[in-house]
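Novice: Next up is a structure, given as structure tokens.
Protein chains: 2
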Amino acid sequence: MTATPFPVSEIVATRRPHRKDAARNYDALLDAAREAFAEHGAEASLEDIARRAGVGIGTLYRNFPTRRDLFETVYADEVNTLCRAAAELADREPWEALTAWLDRFAGYMVTKRAVREALDGESGIFQACRESMYAAGGPLLERAQRTGAARADMDFGDLLRMVAGITATVFDDDAQRNRVLAIALDGVRAGR
Amino acid sequence: MTATPFPVSEIVATRRPHRKDAARNYDALLDAAREAFAEHGAEASLEDIARRAGVGIGTLYRNFPTRRDLFETVYADEVNTLCRAAAELADREPWEALTAWLDRFAGYMVTKRAVREALDGESGIFQACRESMYAAGGPLLERAQRTGAARADMDFGDLLRMVAGITATVFDDDAQRNRVLAIALDGVRAGR
DNA sequence: ACTGTAGCGGAGGTACCCCTCCGGTTCAAT
DNA sequence: ATTGAACCGGAGGGGTACCTCCGCTACAGT
Numbered sequence: 001m002t003a004t005p006f007p008v009s010e011i012v013a014t015r016r017p018h019r020k021d022a023a024r025n026y027d028a029l030l031d032a033a034r035e036a037f038a039e040h041g042a043e044a045s046l047e048d049i050a051r052r053a054g055v056g057i058g059t060l061y062r063n064f065p066t067r068r069d070l071f072e073t074v075y076a077d078e079v080n081t082l083c084r085a086a087a088e089l090a091d092r093e094p095w096e097a098l099t100a101w102l103d104r105f106a107g108y109m110v111t112k113r114a115v116r117e118a119l120d121g122e123s124g125i126f127q128a129c130r131e132s133m134y135a136a137g138g139p140l141l142e143r144a145q146r147t148g149a150a151r152a153d154m155d156f157g158d159l160l161r162m163v164a165g166i167t168a169t170v171f172d173d174d175a176q177r178n179r180v181l182a183i184a185l186d187g188v189r190a191g192r
Numbered sequence: 001m002t003a004t005p006f007p008v009s010e011i012v013a014t015r016r017p018h019r020k021d022a023a024r025n026y027d028a029l030l031d032a033a034r035e036a037f038a039e040h041g042a043e044a045s046l047e048d049i050a051r052r053a054g055v056g057i058g059t060l061y062r063n064f065p066t067r068r069d070l071f072e073t074v075y076a077d078e079v080n081t082l083c084r085a086a087a088e089l090a091d092r093e094p095w096e097a098l099t100a101w102l103d104r105f106a107g108y109m110v111t112k113r114a115v116r117e118a119l120d121g122e123s124g125i126f127q128a129c130r131e132s133m134y135a136a137g138g139p140l141l142e143r144a145q146r147t148g149a150a151r152a153d154m155d156f157g158d159l160l161r162m163v164a165g166i167t168a169t170v171f172d173d174d175a176q177r178n179r180v181l182a183i184a185l186d187g188v189r190a191g192r
């Protein structure tokens, strides 16, 4: 009833350094990377990221030997947050819980599509994140389907792609994005 | 009843050269650019494009002094094709005509999002293309709305963004993409 | 306070890309 | 066939990004 109804695992055992200065640099790098990827997409300059973090390029490479390492860490971080959010929504109305979570999902994904794009399908961590996310959010859809609030002829993957695709698009303003999202979600209720 | 029910304008007076060899190079460059943009996104290497076209880099720059020139020409080309398609669908059933056109739209746009992205909002030609596209496709939606096949509380812009967003996403396979698109389109019928 | 070591920054080699410029080539009009 | 204008390719200068390497710094454990 209370607490977390389904397990929320931390996906990556992040290699955060022990020493104080090192840990500070590590965090600064992650923040800078998040920002840079959101702004410039998957091929943001690593040197620029180091610059933003106020850190030498060597430090970046020591913490994340590969561009992919950086991607994975940033991405896994986001997914962890999302999984926690799903747990907190478990006691709301089925349809409301689902849409509220999708809202969060959209918020995190708008700026993160670059990261997902770069990792899609080719990474072990990505696979783990995916499973984690499905485990966390999937029940929200199933519950809505059981109560008849959502059509039964679709799965959680369909839903996520739909929302991800729509939210990743450039709209005139947030009102239009929400309008379009609402229309598409009407399709999710419509089937039955 | 016959021919084109609404005007289909050629948007850019393309500066295709007169001389035979020059014209051949021009075409090769456009093809290579289309391909490269689809593959590598907006910042594909111009030198690579010239290489693909089997042409010196100088020739590329003579024909398209600016990366934007190349973008605009490629993009305008696509839009022209799409406008012609709309004209040809005018005598089908309203809903069927609309979805058939959106199908074409999706096909052209999946690989072209890079071009749209790079041009979005900042280009005069883009504005013209947009208008052309709306003039060509908009009536298909309005017709469907008049007959009650589509909900009235949305406009053509909403619909295009929705379809563009969904089709630009990576799916497991085409079946999933079509399934998700169908669900969203159910939302377009649902409102009323 | 001392000290060994984990961690730091950034110079610099390599690679690629952008774009200009010009000697040579090819077309088409006579 | 001739010829001059239009067009060609690619060398090369300038810039930026990637990534390695190493002399120096500052932390943490005693």
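Chains as they are written, first to last, in full-length UniProt numbering: chain A, 1 to 192; chain B, 1 to 192. Each residue gets a CB set at the ideal place from its N, CA and C atoms; glycine is no exception. All values derive from a computational prediction rather than experimental measurement.
Identify the continuous alpha helix (DSSP H) that holds Ser45/B and give its terminal residues.
Specialist: For this step, residue 45/B is matched to residue 45 along the second sequence. Here Ser45/B belongs to no alpha helix (DSSP H), and DSSP marks it neither H nor E.
Novice: Checking contacts by CB at 8 Å: is Arg161/A closer than that to chain B?
Specialist: Residue numbering aside, residue 161/A sits at position 161 when the first sequence is read from its first letter. It does: the Cβ of Arg161/A has a partner Cβ on chain B nearer than 8 Å.
Novice: According to the neighbour-count rule (16 or more other Cβ atoms, all chains shown, within 10 Å of its Cβ), is Gln127/B buried or exposed?
Specialist: Within the second sequence, residue 127/B is the residue found at index 127, counting from 1. Result: exposed.
Novice: Tell me whether Leu82/B is buried or exposed, calling it buried when 16 or more other Cβ atoms sit within 10 Å of its Cβ.
Specialist: Reading the second sequence from its first residue, position 82 is the one you call residue 82/B. Answer is buried; the Cβ neighbour count reaches 16.
Novice: Between Thr167/B and Ala106/B, is the Cβ-Cβ spacing less than 8 Å?
Specialist: In the second sequence, residue 167/B corresponds to position 167, counting from 1. In the second sequence, residue 106/B corresponds to position 106, counting from 1. A contact, by the Cβ cut-off of 8 Å.
Novice: By the criterion of Cβ-Cβ separation under 7 Å, what are the contact partners of Ala44/B in chain A?
Specialist: Counting from 1 along the second sequence, the entry for residue 44/B is found at position 44. Per Cβ cutoff of 7 Å: no residues; Ala44/B is ~12 Å from chain A at best.
Novice: Per DSSP, what kind of secondary structure is Arg62/B in: helix, strand or coil?
Specialist: The residue given as residue 62/B occupies position 62 in the second sequence. Three-state result, Arg62/B: helix.
Novice: Find the residues of chain B that neighbour Asp186/A, judging by a C-beta separation of less than 8 Å, and give them in chain order.
Specialist: Residue numbering aside, residue 186/A sits at position 186 when the first sequence is read from its first letter. Residues of chain B passing the Cβ test: Asp186, Gly187, Ala190 and Gly191.
Novice: Could you work out which residues of chain B lie near Val180/A, taking near to mean beta carbons separated by less than 7 Å?
Specialist: Counting from 1 along the first sequence, the entry for residue 180/A is found at position 180. Those are Asp158, Arg161 and Met162, listed as they occur along chain B.
Novice: If I'm right that Leu141/B touches Ala152/B with Cβ under 8 Å, what's the distance once you round it to whole angstroms?
Specialist: Your numbering for residue 141/B matches position 141 in the second sequence. Your numbering for residue 152/B matches position 152 in the second sequence. About 10 Å; that fails the 8 Å criterion.
Novice: To the nearest angstrom, how far is it from the Cα of Ala184/B to the Cα of Asp158/A?
Specialist: Here residue 184/B refers to the residue found at position 184 of the second sequence. Here residue 158/A refers to the residue found at position 158 of the first sequence. About 11 Å.
Novice: On the criterion of 16 or more Cβ atoms from any shown chain inside 10 Å, does Ser132/B qualify as buried, or is it exposed?
Specialist: Taking the second sequence and counting its residues from 1, one reaches residue 132/B at position 132. With 16 or more other Cβ atoms within 10 Å, it is buried.
Novice: How many Å lie between Arg52/B and Pro17/A at the Cα?
Specialist: Position 52 of the second sequence, counted from the first residue, corresponds to residue 52/B. Position 17 of the first sequence, counted from the first residue, corresponds to residue 17/A. In a straight line, the C-alpha of Arg52/B is about 46 Å away from that of Pro17/A.
Novice: Going by other Cβ atoms of all chains shown within 10 Å of its Cβ, with 16 needed for buried, is Gly187/B buried or exposed?
Specialist: Position 187 of the second sequence holds residue 187/B. Flag for Gly187/B reads buried.
Novice: Classify Asp21/B: buried if its beta carbon has 16 or more other beta carbons within 10 angstroms, exposed otherwise.
Specialist: Stepping through the second sequence from its first residue, residue 21/B is reached at position 21. The residue is exposed, with fewer than 16 neighbouring Cβ atoms inside 10 Å.
Novice: Kindly list, in the order they appear in chain A, the residues whose Cβ is closer than 8 Å to that of Ala168/B.
Specialist: Walking along the second sequence from the start, residue 168/B turns up at place 168. Per Cβ cutoff of 8 Å: Gly165, Ala168 and Thr169.
Novice: Interface residues of chain B around Met133/A at Cβ under 8 Å?
Specialist: Residue mapping note: residue 133/A aligns to position 133 of the first sequence, counting from 1. The contacting residues do not exist; Met133/A stays about 15 Å from chain B at best.
Novice: Against Met154/B, what residues of chain A qualify as contacts under a CB-to-CB distance less than 9 Å, listed in chain order?
Specialist: Mapped onto the second sequence, residue 154/B falls at position 154. Result: Arg179, Val180 and Ile183.
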